């Protein structure tokens, strides 16, 4: 799973039917210390995350399909939690 | 999923079975601020409506194969949808 920071939302009307009434957010990937890794991904939101929040993202198809309970859904990135605190022991 | 910009199409006459009527488009992968990043790819267009110049988002590997109808045809990348707009926190990038 990946630590990420929601940096905004993406809207689309013409898309695969699975994404019709789903919220798609743009998430920057973070290092454990909170710095940006430079990479990003677009993920489905399941916990009501908003822009600016630090979130936990699953980036693997089988788990994502398990969450949305659809075997043939073309989904891989899904936000499953909002992170309150990351403690790093240096 | 990542953002991409369609900048061409690829027409195939002889192709692996199952991919006969799958439209293929040329996509330039973009970063979140819609700047080109990485080398162009050929993606199968599951919306069948993405034309050159349009901002799209695409998925790769197994999810790309699942996005197509009939699904599980052998494709590596697939256009999932056409982007209306992207609103980001710092710099407001609107289409």
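Residue numbers (the numbering used here), protein chains in the order written: chain L, 1 to 90; chain X, 91 to 185.
Beta carbons are placed, not taken as given, at the ideal position from N, Cα and C, and that holds for glycine.
Note that the structure is predicted; figures quoted are calculated from it, not measured.
The stretch 76-88 of chain L and the stretch 116-125 of chain X do not touch, with fewer than three beta-carbon pairs separated by less than 8 Å. Contact between residue 108 of chain X and residue 163 of chain X holds: their C-beta atoms lie close to 4 Å from each other, under 8 Å. Nearest CB-CB separation between residue 95 of chain X and chain L: not below the 7 Å threshold. The stretch 166-183 of chain X and the stretch 4-12 of chain L touch, with no fewer than 3 CB-CB distances between them shorter than 8 Å. By the 16-neighbour rule on beta-carbons within 10 angstroms, residue 21 of chain L is exposed. One finds 24, 41, 42, 43, 76, 77 in chain L with Cβ atoms closer than 8 Å to the Cβ of residue 91 of chain X, taken in chain order.
Shown here, residue 18 of chain L sits in a helix according to DSSP, grouped into three states.
DSSP places residue 154 of chain X in the uninterrupted alpha helix (DSSP H) bounded by 152-157.
Residue L/32 holds the alpha-carbon nearest to the alpha-carbon of residue 87 of chain L among L/19, L/57, L/32.
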